[in-house]
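Position 300 (the sequence shown) corresponds to 309 in my numbering; numbering is contiguous. Using N, Cα and C, we set each Cβ at its ideal position, and we do this for glycine too. As the structure is a prediction and not an experimental result, all values here were calculated from the model. This report concerns only the one structure given below.
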Amino acid sequence: MQGASCRKGKHFVSPMRTVYFNGWQRVLTAYPNKLSRVSWVWVRFQKTRRSLLMFLPICGLKYMHRRRRSVCYSCRAFEQKSPHPGERCKHDVLRDLALHLRNDGSVNERGRLLMPGRETELPREWERDSDQPFHAKIVSVHTGEMKEMDWFQMEFPKCEVLILNFSSDDEYLLPPFIENKPKLRALIIMNYSTSNCILNGFSVFSNLTNLRSLWLEKVFVPRLSTIPLKNLRKIYIILCKISNSLDQSTFPRLTELTIDHCDALFQLPSCICAMPSLKNLSVTNCHSLYQLPADLGKLQSLQILRLYACPALQTLPASICELRCLKYIDISQCVNLRCLPMDIGKLANLEQIDMRECSQIALLKYL
Numbered sequence: 010m011q012g013a014s015c016r017k018g019k020h021f022v023s024p025m026r027t028v029y030f031n032g033w034q035r036v037l038t039a040y041p042n043k044l045s046r047v048s049w050v051w052v053r054f055q056k057t058r059r060s061l062l063m064f065l066p067i068c069g070l071k072y073m074h075r076r077r078r079s080v081c082y083s084c085r086a087f088e089q090k091s092p093h094p095g096e097r098c099k100h101d102v103l104r105d106l107a108l109h110l111r112n113d114g115s116v117n118e119r120g121r122l123l124m125p126g127r128e129t130e131l132p133r134e135w136e137r138d139s140d141q142p143f144h145a146k147i148v149s150v151h152t153g154e155m156k157e158m159d160w161f162q163m164e165f166p167k168c169e170v171l172i173l174n175f176s177s178d179d180e181y182l183l184p185p186f187i188e189n190k191p192k193l194r195a196l197i198i199m200n201y202s203t204s205n206c207i208l209n210g211f212s213v214f215s216n217l218t219n220l221r222s223l224w225l226e227k228v229f230v231p232r233l234s235t236i237p238l239k240n241l242r243k244i245y246i247i248l249c250k251i252s253n254s255l256d257q258s259t260f261p262r263l264t265e266l267t268i269d270h271c272d273a274l275f276q277l278p279s280c281i282c283a284m285p286s287l288k289n290l291s292v293t294n295c296h297s298l299y300q301l302p303a304d305l306g307k308l309q310s311l312q313i314l315r316l317y318a319c320p321a322l323q324t325l326p327a328s329i330c331e332l333r334c335l336k337y338i339d340i341s342q343c344v345n346l347r348c349l350p351m352d353i354g355k356l357a358n359l360e361q362i363d364m365r366e367c368s369q370i371a372l373l374k375y376l
């Protein structure tokens, strides 16, 4: 069997980059696209750290130092003062190892273009090579509050996934180079600040005809009706201020809509009922939600209706009894929900109702 073996200080790494730690049952397997790149990593190991300390020098990681409580000073487990830092530090070190190997070579030719940590500006290496197109399929940007002067133009003809991590209490300008991503399929926008921020620059969405998935977290959601995203399949709105953002929105191919921890949401807009392809509607932890649209029964493709932890909700619209494809209803922790619709038993395809902690519903005589 080709591979590598280790016996207390003796080690050998095969061309397949497989390292076996026989004495402690550790395995690190990496299948590279090229000699200096790792496309996939699988790791299995137990509690002790001794073998991990041995393979770090083999792989060229030179920032490791020996502290009593941690393998690496940059590990999140050390920063959080975990009671078991050795268990979690390994994951951070292995992640850094994978990023280190993937980032070898020209920045324009990398399959993944990632910022390893939050910075105040984009890497200078990216700006230096911005005159040539970047061929990465996955791009991750981690910055603070960004304004127009902080961005520079870049071309991503092959990019399919863009992740924007930032921290801003005020405003955040979407990068103008989004317009140069004709193959973009997934856009993730996540704000790590303590409060919501305003997103600017939504005009860049005009060319994203192939966008399939949109994730918005801790932002003020703009009016989605102004965004021409006819091919959008999934929308995730997490910890956001929605207000009237969904009014008059039409997404004819939307199959999944998730709204979570949006405290300012008082009622779902009726335009949701005009989404004929919607199969999964999830509205969870929205403590101010008290009303659902009366025409909810028009969602003839709906299979999953999740209304978890919406304590202000007291009734369900009678029209949900017309949802022929509905298989699953989750109304758990809707503590003020008083009853189910009278014709709920007519849902022929209904398989499960989750009603945990619904103390107000005392009798299910209609099922």
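Output the boundary residues of the beta strand (DSSP E) element that contains residue i.
i, result
"Trp224", "222-226"
"Arg315", "313-315"
"Glu180", "180-182"
"Leu346", "Leu346 -> no beta strand (DSSP E), and no H or E assigned at all."
"Tyr337", "337-339"
"Phe175", "170-175"
"Thr152", "147-152"
"Leu123", "121-123"
"Gln361", "361-363"
On the three-state DSSP scale, how would you describe residue i?
i, result
"Val116", "helix"
"Lys5", "Nothing about residue 5 can be read from this structure; the chain reaches only from 10 to 376."
"Asp269", "strand"
"Asn216", "helix"
"Glu136", "helix"
"Cys206", "strand"
"Ala327", "helix"
"Leu196", "strand"
"Leu290", "strand"
"Glu128", "strand"
"Ala357", "coil"
"Gln369", "coil"
"Phe211", "helix"
Would residue i pass as a contact of residue j if the rule is Cβ separation under 9 Å?
i, j, result
"Ile207", "Phe175", "no"
"Leu274", "Ile244", "no"
"Tyr201", "Lys227", "yes"
"Gln276", "Leu298", "yes"
"Asp256", "Cys271", "no"
"Pro185", "Leu173", "no"
"Leu240", "Asn219", "The question names Leu, yet the displayed sequence has Asn at residue 240. Yes, these two residues count as a Cβ contact at 9 Å."
"Lys146", "Asn205", "no"
"Gln309", "Pro326", "no"
"Cys319", "Leu356", "no"
"Arg9", "Ser258", "Look at the range of the chain in this structure, 10 to 376, and you will see that residue 9 is not part of it."
"Leu182", "Asp159", "yes"
"Val116", "Asp140", "no"
"Cys334", "Asp304", "no"
"Tyr317", "Cys343", "yes"
Since residue i and residue j are thought to touch, with beta carbons under 8 Å apart, how far apart are those beta carbons, to the nearest angstrom?
i, j, result
"Leu193", "Leu223", "About 10 Å; that fails the 8 Å criterion."
"Ile247", "Phe214", "Actually they do not touch by this definition, with Cβ atoms about 19 Å apart."
"Val148", "Phe161", "About 14 Å separates the two Cβ atoms, so there is no contact after all."
"Ser291", "Arg315", "4 Å"
"Glu3", "Glu154", "Absent from the structure is residue 3, since the part of the chain shown begins at 10 and ends at 376."
"Ile370", "Leu332", "Not a contact, Cβ separation roughly 19 Å."
"Met124", "His151", "5 Å"
"Ser341", "Asp363", "5 Å"
"Tyr337", "Glu360", "6 Å"
"Leu238", "Leu266", "Not quite, the Cβ-Cβ distance comes to about 13 Å (not below 8 Å), so this is no contact."
"Lys288", "Thr324", "Rounded, the Cβ-Cβ distance is 24 Å, inconsistent with contact."
* To do: Quick one: which unbroken beta strand (DSSP E) runs of 3-plus residues sit fully inside the stretch 229-288? Chain order, please.
  => 243-247, 265-269
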